[in-house]
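S.K.:
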Amino acid sequence: MTYENLQISLEDGIAVVTISREKALNALNTQTMLELRDFFGDAALKIEGLKGVVLTGAGEKAFVAGADITEFRGLDSQQGAEFARRGQNIFFLIERFHKPVVAAVNGFALGGGCELAMACHLRVAGEKARFGQPEVNLGLIPGYGGTQRLVQLIGKTKALELLMTAEIIGADEARQLGLVNYVVPSGSETAKAKELIEKIAVKAPIAIAKVIESVNAYFEAAHGGYVTEVNAFGDCCDTSDFQEGAAAFLEKRPAQFRGK
Ligand code: CO8
């Protein structure tokens, strides 16, 4: 597959995958999601001597500002649920990848962008990185596993607060909450991510793959939550609040929600 929105570079066995839609703050449109699926489900498995993958965003402003809201128009509950299910499955490919995948978060990681970072095994944030799940501003909920992984990473108390208030937090707070592993000066996120991969690369590869598999297994029992999220996301797509939220974003005005 030829990639339009992913730039891949391979150096010393580390693949750096850069999501490159800078004009839309690297928002995840369908094409980008399919490219991520191809990379983690196929292309990356064929790279000989791969030590790990760094995932980052093009430019200085955003890692990924979410799913592409311009694709939300007219989405009904069935299509919404299908979108969410497909996205969850792509993010499972990342979470279950046998080599370390490190997010180098260089700016906004919002909505699907925060969910993408959370699906990675480790997260390095630049000082200017900002995290949040602002979907309720659009009359939605996260659909790419955010309701599950945010709880896994930072606990129910703070996860519920962030999910319900749509508050956007900075890198230091994200580290205090356990959402990211390291905060580094802006511009050095990828270097730090590579350093972590090099540290892991000298360990026994099968043991590393088994660590990933076993840690993921800890959460498998709660997998029903992902199904609930898919259906709940679909339900939101049937509301007029969702139509209003998406339209308000695109028209650059505050949303007026009616609970319908
Ligand atoms: N989708 C599409 N375009 C976007 C997105 C996005 N998520 N985010 C930003 N853009 C575009 C803007 O529309 C703008 O385009 P243009 O220049 O053509 O007007 C350009 O990027 C620059 O953005 P802003 O002018 O808004 O830049 P600001 O610096 O003023 O603001 C923000 C930056 C705060 C990041 C702001 O852009 C913002 O709030 N973005 C949206 C964040 C958001 O709500 N993300 C969540 C989206 S929903 C989601 O991710 C659900 C995931 C599950 C999906 C399940 C299946 C469908």
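In my numbering, the protein residues as written are 49 to 308. Beta carbons are placed, not taken as given, at the ideal position from N, Cα and C, and that holds for glycine.
1) Alpha carbons only, please: which of Gln196, Phe297 and Gln224 is nearest the one belonging to Ala115?
2) Which first and last residues belong to the alpha helix (DSSP H) in which Ser288 is found?
3) When you measure from the CB of Ala295 to every non-hydrogen atom of the ligand CO8, does any distance come out below 8 Å?
4) Determine the extent of the beta strand (DSSP E) in which Val228 is found, giving its start and end residues.
5) Specify, as a first and last residue, the run of the alpha helix (DSSP H) that Arg197 falls within.
6) So what does DSSP say about Val250, is it helix, strand or coil?
7) Just checking, does the region 244-258 make contact with the region 196-214 on the three C-beta pairs under 8 Å criterion?
8) Evaluate Asn264 with the Cβ neighbour count: other Cβ atoms within 10 Å of its Cβ, from every protein chain shown; 16 or more gives buried, anything less gives exposed.
9) From Ala152, Val184, Phe156 and Ala92, pick the residue whose C-alpha is nearest to that of Leu170; which is it?
10) Is Ile117 near the ligand CO8, with its Cβ less than 8 Å from a heavy atom?
11) For Glu277, which of Asn137, Glu70 and Ala294 has the nearest alpha-carbon?
12) Got a sec, what are the start and stop residues for the alpha helix (DSSP H) Gly282 sits in?
13) Apart from the five residues on each side of it in sequence, which residues of its chain come closer than 7 Å, Cβ to Cβ, to Leu198?
14) What does Gly105 pair with, by DSSP beta-bridge criteria?
15) Going by beta carbon distance, what residues of the same chain come within less than 8 Å of Ile189, once the five residues before and after it are set aside?
16) Three or more beta-carbon pairs under 8 Å between the region 53-67 and the region 97-108, yes or no?
17) Since Leu158 is in the beta strand (DSSP E), which residue starts that stretch and which ends it?
18) Between the region 301-308 and the region 124-134, can you find at least three pairs of beta-carbon atoms closer than 8 Å?
19) Under a three-way DSSP split, which group does Ser310 fall into?
20) Is Tyr51 near the ligand CO8, with its Cβ less than 8 Å from a heavy atom?
M.R.: This is what the structure holds:
1) Among Gln196, Phe297 and Gln224, the Cα nearest to that of Ala115 belongs to Phe297.
2) Residues Ser288 to Leu298.
3) no
4) Counting along the chain, Val228 falls outside any beta strand (DSSP E), and DSSP gives it neither H nor E.
5) Its alpha helix (DSSP H) spans residues Gly194 to Ile202.
6) coil
7) no
8) exposed
9) Distance check between Leu170 and each of Ala152, Val184, Phe156 and Ala92 places Ala152 closest, using alpha-carbon atoms only.
10) yes
11) Asn137
12) Gly272 to Cys285
13) Met166, Gln181, Ala207, Leu210 and Leu211
14) Ile67
15) So the list reads Glu183, Thr195, Leu211, Glu277, Ala280, Phe281 and Cys284, once near-sequence residues are dropped.
16) yes
17) Run containing Leu158: Phe156 to Leu158, per the beta strand (DSSP E) assignment.
18) Counting C-beta pairs closer than 8 Å gives fewer than three between the region 124-134 and the region 301-308, which falls short of the contact rule.
19) Because the chain here runs from 49 to 308, residue 310 falls outside it and cannot be looked at.
20) no
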